[in-house]
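Engineer:
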Ligand SMILES: Cc1ncc(C[n+]2csc(CCOP(=O)(O)OP(=O)(O)O)c2C)c(N)n1
Ligand SMILES: [Mg+2]
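Residue numbers (UniProt numbering): 1 to 360.
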């Protein structure tokens, strides 16, 4: 078989269960091989979203989670999400096509190892047919055992080489590292409060219900957050976005356990929470994922709204609008955000997110 297929098969053999990505010619064959090997693929709308989804999924499961990217522009689109994963020490394995150094006139050419190395990611490479399995296993092991975000470059010319692949040639897999608080932290930490109603992963309320419940004060972030806390199912994973409002979900949403809070803010980028909530919902399908996002961050990652709807995930999002159209003057008094929208798409049965059947 071709090296591209052998890499996908090897990752499947090593235990990769989830792949997030956007498929193009440079990562098509490796992605299909991963799917054939039993991994489930989530087609994101933008590579940034794919990387952020994989990061959240990796944090909540402890599994090495693959992001599959086209070479050059596919990779650069994902850099902010990759940097977030790097800074969070998430075991994310980015598998990407790579333009060979003999083709520097290609539109897709960039020096990928240098780019991702500058972010703190660990560049790895499949060097040739002879070393393809070992190179892939090394990249996987480093992501898992060193808890690093690794970028495995697959040069296009190497992908086409022939290799005699057998499952038995894949080295033994180390045990996966499960996330969770250290025993010390668990012994000394504050108890986590569990509130709200159990409704088995479905969004419990709609906009009118929230407003009716609240009456006066419904536009106040604190009041609304506290009310939502009581209305949403307690089996939840809360994902606050970056932005000035983000203390409210952190302060006023209870979470049932350590897996109930996913904070994609190591890089302090806005525009992460929607995709992170999708990754969280895929990782923990028995919970509702609650994305708390400002209007700016929400619009920045809006494309992934389609992914959430397409996957029929149990999720909810709530968003603030800041009543200004121009940058705020440093001398003027900040105005309080107004709550503009509470939305939840039609819920479907939790526990079986329907993935896209094939990479697009
Ligand atoms: C990618 C990125 N661009 C710009 C910023 C700087 N920044 C911090 S908060 C913010 C506004 C966020 O607006 P919104 O999501 O509506 O939240 P709000 O601050 O209004 O609560 C910006 C642009 C950032 N953190 N990340
Ligand atoms: Mg805002």
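Just so it is clear, CB atoms sit at the ideal spot from N, CA and C, and this is done for glycine as well.
It should be emphasised that the depicted structure is a prediction, and the values quoted were computed from it without experimental measurement.
Got a sec: does ligand 1 put a non-hydrogen atom nearer than 8 angstroms to the Cβ of residue 259?
Structural biologist: Position 259 of the chain shown, counted from the first residue, corresponds to residue 259. Not under cutoff, so the answer is no.
Engineer: Going by beta carbon distance, what residues of the same chain come within less than 7 angstroms of residue 103, once the five residues before and after it are set aside?
Structural biologist: Here residue 103 is taken as the residue at index 103 of the chain shown, counted from 1. Closer than 7 angstroms at Cβ, skipping near neighbours: 109.
Engineer: Name the two residues that bound the continuous alpha helix (DSSP H) containing residue 116.
Structural biologist: Reading the chain shown from its first residue, position 116 is the one you call residue 116. Segment 112-119, the alpha helix (DSSP H) holding residue 116.
Engineer: What is the DSSP secondary structure of residue 233, counted as helix, strand or coil?
Structural biologist: Residue numbering aside, residue 233 sits at position 233 when the chain shown is read from its first letter. Residue 233: strand per DSSP, three-state reduction.
Engineer: Spatial neighbours of residue 13 within its chain, please: C-beta separation below 6 angstroms, excluding the five flanking residues on both sides.
Structural biologist: Within the chain shown, the letter at position 13 stands for residue 13. So the list reads 167 and 170, once near-sequence residues are dropped.
Engineer: Indicate the three-state DSSP secondary structure (helix, strand or coil) for residue 84 in the structure shown.
Structural biologist: Looking up residue 84 in the chain shown gives position 84. Looking at residue 84 - three-state DSSP - the assignment turns out to be helix.
Engineer: Between residue 66 and residue 19, is the Cβ-Cβ spacing less than 9 angstroms?
Structural biologist: Looking up residue 66 in the chain shown gives position 66. Looking up residue 19 in the chain shown gives position 19. Yes, the Cβ-Cβ distance between residue 66 and residue 19 is below 9 angstroms.
Engineer: Tell me whether residue 13 sits in a helix, a strand or coil according to DSSP, three-state version.
Structural biologist: For the purposes of this step, residue 13 is taken as the residue at position 13 of the chain shown. It is helical.
Engineer: Would you please state the rounded distance, in angstroms, between the beta carbons of residue 154 and residue 94? I believe it to be under 8 angstroms.
Structural biologist: Counting from 1 along the chain shown, the entry for residue 154 is found at position 154. Counting from 1 along the chain shown, the entry for residue 94 is found at position 94. Not really, about 11 angstroms apart at Cβ, beyond 8 angstroms.
Engineer: For a test of the three-state rule: what should DSSP assign to residue 63, helix, strand or coil?
Structural biologist: As a first step, residue 63 is located in the chain shown; it is residue number 63 there, counting from the start. Three-state DSSP puts residue 63 in coil, outside helix and strand.
Engineer: For the beta strand (DSSP E) containing residue 294, name the first residue and the last one.
Structural biologist: Here residue 294 refers to the residue found at position 294 when the chain shown is read from its first residue. Per DSSP, residue 294 belongs to the beta strand (DSSP E) from 288-294.
Engineer: By how many angstroms is the C-alpha of residue 262 removed from the C-alpha of residue 286?
Structural biologist: Residue 286 sits at position 286 when you count from the first residue of the chain shown. Residue 262 sits at position 262 when you count from the first residue of the chain shown. One C-alpha to the other measures close to 16 angstroms.
Engineer: Flag residue 269 as yes when its Cβ comes closer than 8 angstroms to any non-hydrogen atom of ligand 1, and as no otherwise.
Structural biologist: Translated into positions along the chain shown, residue 269 becomes position 269. Yes - ligand 1 has a heavy atom lying nearer than 8 angstroms to the Cβ of residue 269.
Engineer: How is residue 153 classed by DSSP in three states: helix, strand or coil?
Structural biologist: Counting from 1 along the chain shown, the entry for residue 153 is found at position 153. Note: residue 153 maps to strand in three-state DSSP.
Engineer: Taking 9 angstroms as the threshold (C-beta atoms), are residue 151 and residue 121 in contact?
Structural biologist: Here the question's residue 121 lines up with position 121 in the chain shown. Here the question's residue 151 lines up with position 151 in the chain shown. Yes; because the gap between Cβ atoms is below 9 angstroms, this pair is in contact.
Engineer: Can you list, in chain order, the residues of its chain with a C-beta nearer than 8 angstroms to that of residue 60? Leave out the 5 residues immediately preceding and following it.
Structural biologist: The sequence position of residue 60 within the chain shown is 60, counting from 1. So the list reads 179, 237, 259, 262, 279, 280, 283 and 284, once near-sequence residues are dropped.
Engineer: Let me know the secondary structure DSSP gives residue 33 once reduced to three states.
Structural biologist: Position 33 of the chain shown, counting from 1, holds the residue named residue 33. Helix at residue 33.
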